[in-house]
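**Q** I have a structure I would like to understand better, so I am pasting it below and will then ask my questions one at a time.
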Amino acid sequence: MLFLAILLCSLAATGTAWNAPEIPGFRLMWYDNFGGVDGSLPDTSKWNIQHWYQDHNGDHQEYRASPENVHIMRGSLHIHPWRDPSAVKGWTSGRIESTYTLTPPPGDKTIVQAGIALGMAPRGTKQGIWPAFWLLGDSHRTGGAIWPACGELDIMEHVNGEQKTYAAVHCDKSPGGICGEKKGISGSYFHSNAATGLTSYRVVIDRTPEFWQEESVSFYVGGELFHKVTGAQIGDLEVWKAIAWNKMFIIFNVAVGGDWPGSPREYTLEGRAVGMQVGYVAHYEQQDPAKDAAYGPCNECNYPNIPQVPPPRPPPRAPAPFPAPLPAPAPPLPPVGPPVGPPVGAPPPPPVGRPPLPPGSLPYNYPPIPQVPPNPYQPPYNYPNLPPGRPHY
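Mapping of the sequence shown onto mature numbering (1 follows the signal peptide of the UniProt record, and there is no 0): residues -17 to -1, 1 to 376, in sequence order.
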């Protein structure tokens, strides 16, 4: 085929991968930007590339693990359906399933998002073409509950080239059940430019409410909400767990035919014109403000909750010098000549100080000296040594 010739010429080329965008308030948990050698299969450590045929919904495509149907080109994943007479119903296509699984944690919001562009073929030439980006309960492939009891979230579906994006929740049992299978609880969004460039398709699983009935699963195109399902709308906790609490994996595929789009026609185109390009896919979880505050900068760009090294102590201050002692005074000069005394025959000088008390007298008590204040319950203390005739103090 012409495709193989083009593919062989481009095997040595390496494309530039898209980057998963940052979402404020969320941390990137896992992503694939589909970088690698042009013409190669996707990274098999991240993706299980399907190779089987089963008629689940009137399908015409046979999924093949072939670069004709699934390959990397210029930093994007490409899935192309082709007519092939060797296939059971004459068509082959591609489907990949992530080896990675995610489980929405309680108290957080979970986002799964991809950047996707659809083939440029006119609407009338896409009859029977059914590209999709979705999540499926991991128990479906591990021996547990199967579809629809395992839960399914269709983030993006297009059929027959319509200018609409569809999203749906599938659950419980089929036919009928809480989700009304096989249709599911679905919504749609008018989308006229799905083929003109990468468009972001997103599901947000909100488990922040206190009660499960207030939890929700919301679907967005280009950041615009267009479909929402709540726990109260489901009304059954066990069914809601399969929808919003369950371990899930990611799927990209392009189906051909089926109960919903109908069979392809002779005028239905094939290849890239009706295929799907995926620039990136990513899983995000809401950041915990309480945890992040411990590592966020404060106003002074210091991290207050991380132990700091104490600042060094300032060097000890030198003691102030003591003033020099004053010189000792010079000793008095010795007297000159003999000592001077009273004249010979003169009376002795009067005594210095208080005259001695007469014999038998007690020392005099001076009244200005403060005394012990009187006790209101006892008479004032009477000092026995007061002079006679002096009133009690």
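Ideal placement from N, C-alpha and C gives every residue a C-beta, glycine not left out.
With distances taken from CA atoms, which of F9, P4, E140, T86 is nearest F232?
**A** Answer by Cα proximity: T86.
**Q** Below 8 Å, can you find three or more Cβ-Cβ pairs linking the region 36 to 51 to the region 69 to 85?
**A** With a cut-off of 8 Å, the region 69 to 85 and the region 36 to 51 count as touching, because enough Cβ pairs lie within range.
**Q** Sort A301, S122, L24 by Cα distance to K224 and report the nearest one.
**A** Residue S122 is the option with its Cα nearest to K224.
**Q** Once DSSP output is grouped into helix, strand and coil, what is the label at S122?
**A** Helix, per DSSP.
**Q** The alpha helix (DSSP H) with E221 in it runs from where to where?
**A** Residues 220 to 223.
**Q** Using 7 Å as the threshold, is the C-beta distance between G241 and G41 below it?
**A** Cβ atoms of G241 and G41: closer than 7 Å.
**Q** Can you give me the Cβ contacts of L252 inside the same chain, cut-off strictly under 6 Å, excluding the 5 residues immediately before and after it?
**A** Answer for L252: A104, T108, listed in chain order.
**Q** Is it a yes or a no for the region 53 to 60 touching the region 21 to 39, going by three-plus beta-carbon pairs under 8 Å?
**A** They touch, by the three-pair rule.
**Q** Could you pull the start and end residues of the beta strand (DSSP E) that G262 belongs to?
**A** Here the beta strand (DSSP E) through G262 covers 259 to 269.
**Q** Check the C-beta distance from Q33 over to R66 and give it rounded, since I have them as a contact under 8 Å.
**A** With a Cβ gap of about 19 Å, Q33 and R66 do not count as contacting.
**Q** For N282, is the classification buried or exposed, using 16 other Cβ atoms within 10 angstroms of its Cβ as the cut-off for buried?
**A** Any reading at N282 must be qualified, since the residue scores a pLDDT of 41, below 50, and its modelled position is unreliable; no value is offered.
**Q** Does the beta-carbon of R190 have 16 or more other beta-carbons within 10 angstroms, so that it is buried, or is it exposed?
**A** R190 is buried by the Cβ-count criterion.
**Q** Starting from Q44, trace the beta strand (DSSP E) in both directions and tell me its first and last residue.
**A** That run of the beta strand (DSSP E) goes 44 to 46.
**Q** Would you mind stating whether A150 and H210 have Cβ atoms separated by less than 7 Å?
**A** Contact: yes.
**Q** What's the C-alpha gap between Y278 and Q269?
**A** With a pLDDT of 43 at Y278, under the threshold of 50, the modelled position of this residue cannot be trusted, and the question is left open.
**Q** Can you tell which of L101, G206, W30, A311 has its C-alpha closest to the C-alpha of E145?
**A** The candidate whose alpha carbon is nearest that of E145 is L101.
**Q** Where does D38 land, buried or exposed, given buried means 16+ other C-beta within 10 angstroms?
**A** It is exposed - the Cβ of D38 has fewer than 16 other Cβ atoms within 10 Å.
**Q** Please report the straight-line C-alpha distance between E198 and G214, rounded to a whole angstrom.
**A** Going from the Cα of E198 to the Cα of G214 covers about 6 Å.
**Q** What's the gap between the Cα of Y263 and the Cα of P297?
**A** Cα-Cα distance, rounded: 56 Å.
**Q** Measuring alpha carbon to alpha carbon, tell me which residue in T125, P330, C154, R300 is nearest L220.
**A** Answer by Cα proximity: C154.
**Q** Would you kindly work out how many angstroms separate the C-alpha atoms of Y83 and P295, rounded to a whole number?
**A** Between Y83 and P295, the C-alpha separation is close to 50 Å.
**Q** Assuming the contact rule is C-beta atoms closer than 8 Å, V261 and W113 should be a hit. Round their C-beta distance to whole Å, please.
**A** With 8 Å as the limit, V261 and W113 do not qualify as a contact, their Cβ atoms being about 16 Å apart.
**Q** Can you tell me whether S246 is buried or exposed, with buried defined as 16 or more other CB within 10 angstroms of its CB?
**A** Answer is exposed; the Cβ neighbour count stays below 16.
**Q** Below 8 Å on the Cβ atoms is my contact criterion, and I expect I94 with M259 to pass it. Report the Cβ-Cβ distance as a whole number of Å.
**A** That belief does not hold up - the Cβ atoms of I94 and M259 are roughly 21 Å apart, past 8 Å.
**Q** Use the C-beta contact count for F116: other C-beta atoms within 10 angstroms, 16 or more gives buried, fewer gives exposed.
**A** Its Cβ being crowded by 16 or more others within 10 Å, F116 is buried.
**Q** Quick check on the DSSP output: what are the complete beta strand (DSSP E) runs of length 3 or more inside the region 145 to 171, in order along the chain?
**A** Whole beta strand (DSSP E) segments, 3+ residues: 147 to 153.
**Q** State the beta-bridge partners of R117 as determined by DSSP.
**A** First, the amino acid is wrong: residue 117 is Trp here, not Arg. In DSSP, W117 forms a bridge with D137, I234.
**Q** Give the straight-line distance between the Cα atoms of L181 and I138, rounded to the nearest whole angstrom.
**A** Spanning the two alpha carbons is a distance of roughly 15 Å.
**Q** L119 and E140 - do their beta-carbons sit closer together than 7 Å?
**A** Going by C-beta atoms, E140 is not nearer than 7 Å to L119.
**Q** Where do the ends of the beta strand (DSSP E) carrying I62 lie?
**A** Residues 59 to 62.
**Q** Going by DSSP, name the residue or residues bridged to Q96.
**A** DSSP, once it has assigned bridges, lists R185, A265 as partnering Q96.
**Q** With DSSP as the reference, label W35 as helix, strand or coil.
**A** Three-state result, W35: strand.
**Q** Taking 6 Å as the limit between beta carbons, can you name the residues of its chain near D15, skipping five residues before and five after?
**A** If we look at D15 and ignore the five residues flanking it on each side, its Cβ neighbours are K29, V264.
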